RNA sequence: GGCUCCGUAGCUCAACUGAAUAGAGUACUUGACUACGGAUCAAGCGGUUCCAGGUUUGAAUCCUGGCGGAGUCACCA
């Protein structure tokens, strides 16, 4: 059982016997701050009305009661209204034995619940960029965390493979491509297609200028540029299933998918299901007729269908165009319904940028009004933009940070910095490249995941790859260091398995306490879909262990029992570090 | 203009459900050490938590009103 749960039961028992019935909310337990003595602290203010005594007297009374009835408690002290309870060394030693013997420590029991998490959702007209990286890392990590909490998780990717933007790339490729292919150019498929998207924009702008020079208004020129008309014509042909257009579309999308696969693999993310919008974009029309029948939606004169959300503080929202074709919202309603029905989901999480907050607010509300209770189980994991030290990135100004470039950059920076520190001496090229990949990616991932998702963040590559401070490499380093000690112990023939009874030093108790918090941390991270909770915990653990490691020799301890106990502690810390990094999708090396 | 989110040390970020003197890292200053991995450790400096009210025994956190920033309000996705 969780230590905090155990304490709260003990306290609840004591308080109930003293003051009668209390609600669990009135029992407030927190870890004692390190400047005070004790392990857990009870805040007595909420109990004063029941005790009818001063905060100090109430705290003392409860403390006495607990000490008298529970032998695990070593003592207590009272400061203002705070009751600080200390647990005995034996108690912590027992906890440690328990942790050591627990398979999959920190992972919750199977819940039988199935949750879908949709993330990544790229457009197929250009390569992935820094914003997608935050999306992918968040999605993958939250999926890992939910799995650790015992849920069945379906990782889904909805590829936006159709629409005017793809047609733009296609038109530009036909006009200016001269039959270029990834093979002929040596370019990654998604980059090749992306280049023609840029090419389109260039010519589009030029044509607008020409038309305006010939006397057209700006608005007119924007609508009548030949290249745009060509793209629109292509979209119509696509919708009419024109064979030639479809075939080119398939070829170019194929190039993009090959490119994406490489990027996803480099980032270490994957999917259980891939949906293509070309196959789902017609969904949702039945929902529209359902809404019309129930009188929740209404039809305007031109035949378009709307919902009026002004009573909920929102606007009117279009659900079906006048010509009967669907819009984004229509599709999303349809896919949501389909997914809940087909997979018997208990929840769905959409990892989508905060520019779509409004969209999801509407989505949930519409489903709610239609009477689908599962609309409450839709969660929009909204995240903020990633900015760079040089400023914002803007795709039009070509200041986007390409995902592939960034990953390559992180790895080569990791190599430079490791080489400078002489860490790569004597390693084969293969080992070096493996380690630098882990470190470079670990730096990137940790730096992004440690920040609260909803906040706009600033990504500084140089700062992220630091081997000190709150960074991925620092955590990886701590893990490698512990592994090194354990390796040496094995070489010396020390068997540190099995139970040992030895006394913990205060610093060691602190570490055990932190280890005890791990399951609660995983649960919290899962409940809030916040990898940052895991990151903060792991950093804290590493820092604590590093300090301890510095002050106490592990292998040189003369007393064999103490030595073994310390090795066990180190091994457990390494286990938890590596587990929690796995929840962030970061691999930890055994040496680096 | 309406709605949503953000505003915390010079900088990058924490602070779970409201609790004790708001914490880390970095930068800066000082010091420790024949080192089981110095990619170390300790100490110092640094704050009116944007402002003003309110609720509460207690507010960075909740409420109201400002200020500043971001996003959104398409028959785009």
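Residue numbers (our numbering): 19 to 610. Glycine residues also receive a C-beta, built at the ideal position from the N, C-alpha and C atoms. A quick note: this is a predicted structure, and the numbers were derived from the prediction, not measured.
Legend entry - Cut-off 6 Å between Cβ atoms - residues of its own chain near residue 125, not counting five sequence neighbours on either side: Along the first chain, read from residue 1 onward, the residue named residue 125 stands at position 107. Cβ contact annotation for residue 125 (same chain, cutoff 6 Å, sequence separation greater than five): 166, in chain order.
Inset, instruction - Evaluate contact between the stretch 549-563 and the stretch 505-524, counting only Cβ atoms and requiring at least three cross-stretch pairs below 8 Å. - result: No: the two stretches stay apart, fewer than three of their Cβ pairs being nearer than 8 Å.
Legend entry - Closest Cα partner of residue 67 within the set 38, 49, 105, 109: Position 49 of the first chain, counting from 1, holds the residue named residue 67. Of the listed residues, the one whose Cα sits closest to residue 67 is 38.
Legend entry - Environment of residue 465 [buried if 16+ CB atoms lie within 10 Å]: By one-based count along the first chain, residue 465 stands at place 447. With 16 or more other Cβ atoms within 10 Å, it is buried.
Legend entry - Nearest-angstrom beta carbon gap, residue 133 and residue 176 [assumed within contact, 8 Å]: Looking up residue 176 in the first chain gives position 158. Looking up residue 133 in the first chain gives position 115. With 8 Å as the limit, residue 176 and residue 133 do not qualify as a contact, their Cβ atoms being about 16 Å apart.
Legend entry - The alpha helix (DSSP H) enclosing residue 376, as first and last residue numbers: Taking the first residue of the first chain as position 1, residue 376 is located at position 358. Here the alpha helix (DSSP H) through residue 376 covers 375-387.
Inset, instruction - Quick one: grab the DSSP three-state call for residue 594. - result: By one-based count along the first chain, residue 594 stands at place 576. Residue 594 falls in the helix class under three-state DSSP.
Inset, instruction - Please check the pair residue 283 and residue 172, which I expect to be a contact at CB under 8 Å, by giving their CB distance rounded to whole angstroms. - result: One-based indexing of the first chain puts residue 283 at position 265. One-based indexing of the first chain puts residue 172 at position 154. Residue 283 to residue 172, Cβ: 20 Å. No contact.
Inset, instruction - Run the CB neighbour count on residue 343, radius 10 Å, all protein chains shown included, and call it buried at 16 or more, exposed below. - result: Along the first chain, read from residue 1 onward, the residue named residue 343 stands at position 325. By the 10 Å Cβ count, residue 343 comes out exposed.
Legend entry - Reference residue 309; option with closest CA among 452, 110, 352, 70: Against the first chain, residue 309 aligns to sequence position 291. Nearest neighbour of residue 309 by Cα position, chosen from 452, 110, 352, 70, turns out to be 352.
Legend entry - Stretch pair the stretch 356-372 + the stretch 381-395: three plus CB contacts closer than 8 Å: Below 8 Å, enough C-beta pairs join the stretch 356-372 and the stretch 381-395 to call them touching: three or more.
Legend entry - Span of the alpha helix (DSSP H) around residue 455: As a first step, residue 455 must be located in the first chain, where it is residue number 437. Unbroken alpha helix (DSSP H) run through residue 455: 447-467.
Inset, instruction - Using only alpha-carbon positions, find the residue among 64, 318, 266, 597 that is nearest to residue 121. - result: The residue labelled residue 121 in the question sits at position 103 within the first chain. The residue with the shortest Cα to Cα distance from residue 121 is 597.
Inset, instruction - Return the CA-CA distance between residue 191 and residue 288, expressed in angstroms with no decimal places. - result: As a first step, residue 191 is located in the first chain; it is residue number 173 there, counting from the start. As a first step, residue 288 is located in the first chain; it is residue number 270 there, counting from the start. Spanning the two alpha carbons is a distance of roughly 30 Å.
Legend entry - residue 111 classed as buried or exposed, judged by whether at least 16 other C-beta atoms fall within 10 angstroms: Mapped onto the first chain, residue 111 falls at position 93. It counts as buried.
Inset, instruction - Note down the Cα distance separating residue 186 from residue 201, rounded to an integer number of angstroms. - result: In the first chain, counting from the first residue as 1, residue 186 sits at position 168. In the first chain, counting from the first residue as 1, residue 201 sits at position 183. Each residue's alpha carbon lies about 22 Å from the other.
Inset, instruction - Give the secondary structure of residue 315 by DSSP, where H, G and I count as helix, E and B as strand, and everything else as coil. - result: For the purposes of this step, residue 315 is taken as residue 297 along the first chain, with counting starting at 1. Looking at residue 315 - three-state DSSP - the assignment turns out to be strand.
Inset, instruction - Could you tell me which of 567, 113, 531, 575 sits nearest to residue 49, measuring between CA atoms? - result: Locating residue 49 in the first chain gives position 31, where the first residue counts as 1. Per the Cα distances, 531.
Inset, instruction - Use the C-beta contact count for residue 113: other C-beta atoms within 10 angstroms, 16 or more gives buried, fewer gives exposed. - result: In the first chain, residue 113 corresponds to position 95, counting from 1. Buried.
Legend entry - Counterpart residues of residue 338 in DSSP-defined beta bridges: Residue 338 sits at position 320 when you count from the first residue of the first chain. Bridge partners of residue 338: 323, 344.
Legend entry - According to DSSP, residues forming a beta bridge with residue 101: Residue 101 sits at position 83 when you count from the first residue of the first chain. In DSSP, residue 101 forms a bridge with 60, 96.
Inset, instruction - Have a look at residue 594 and residue 536 and give me their C-alpha separation to the nearest angstrom. - result: On the first chain, position 576 is the one that residue 594 refers to. On the first chain, position 518 is the one that residue 536 refers to. C-alpha separation (whole angstroms): 8 Å.
Legend entry - Beta carbon of residue 141 nearer than 9 Å to that of residue 97: Working through the first chain from its first residue, we reach residue 141 at position 123. Working through the first chain from its first residue, we reach residue 97 at position 79. Not closer than 9 Å, so no.
Inset, instruction - Within the same chain, show all residues whose beta-carbon is closer than 6 Å to that of residue 405, passing over the 5 residues directly before and after it, in chain order. - result: Within the first chain, residue 405 is the residue found at index 387, counting from 1. Excluding residues within five positions, the ones whose Cβ falls inside 6 Å are 476.
Inset, instruction - Specify, as a first and last residue, the run of the alpha helix (DSSP H) that residue 29 falls within. - result: Position 11 of the first chain, counted from the first residue, corresponds to residue 29. Per DSSP, residue 29 belongs to the alpha helix (DSSP H) from 21-37.
Inset, instruction - Kindly identify the DSSP beta-bridge partner or partners of residue 562. - result: Counting from 1 along the first chain, the entry for residue 562 is found at position 544. Answer by DSSP bridge pairing: none, since residue 562 is not bridged.
Legend entry - Bridge partners - residue 399, DSSP secondary structure assignment: Counting from 1 along the first chain, the entry for residue 399 is found at position 381. For residue 399, which the question treats as bridged, DSSP gives the partners 369.
Legend entry - Per-residue DSSP class, three states only, for residue 88: Counting from 1 along the first chain, the entry for residue 88 is found at position 70. Coil.
Inset, instruction - Verify whether the separation of the beta carbon atoms of residue 528 and residue 584 is less than 9 Å. - result: Here residue 528 refers to the residue found at position 510 when the first chain is read from its first residue. Here residue 584 refers to the residue found at position 566 when the first chain is read from its first residue. No, the pair does not count as a contact, with Cβ atoms beyond the cut-off.
Legend entry - For residue 331 and residue 53, the rounded distance between their alpha carbons: As a first step, residue 53 must be located in the first chain, where it is residue number 35. As a first step, residue 331 must be located in the first chain, where it is residue number 313. About 48 Å.
Legend entry - Strand pairing of residue 405, partner residues [DSSP]: Position 387 of the first chain, counted from the first residue, corresponds to residue 405. Paired residue(s): 476.
Inset, instruction - Starting from the N-terminal side, write out each stretch of the beta strand (DSSP E) that is 3 residues or longer and does not extend beyond the stretch 243-329. - result: 291-294, 315-317, 323-326
Legend entry - Simplified DSSP state of residue 150, which is helix, strand or coil: Your numbering for residue 150 matches position 132 in the first chain. Correct three-state label for residue 150: helix.
Inset, instruction - Would you kindly work out how many angstroms separate the C-alpha atoms of residue 539 and residue 161, rounded to a whole number? - result: In the first chain, residue 539 corresponds to position 521, counting from 1. In the first chain, residue 161 corresponds to position 143, counting from 1. Residue 539 and residue 161: Cα-Cα distance of roughly 16 Å.
Inset, instruction - Compute the Euclidean distance between the alpha carbons of residue 425 and residue 472, then round it to the nearest angstrom. - result: Here residue 425 is taken as the residue at index 407 of the first chain, counted from 1. Here residue 472 is taken as the residue at index 454 of the first chain, counted from 1. Cα to Cα, the separation comes out at about 23 Å.
Inset, instruction - Output yes or no for whether 9 Å exceeds the beta carbon distance between residue 81 and residue 127. - result: On the first chain, position 63 is the one that residue 81 refers to. On the first chain, position 109 is the one that residue 127 refers to. Not closer than 9 Å, so no.
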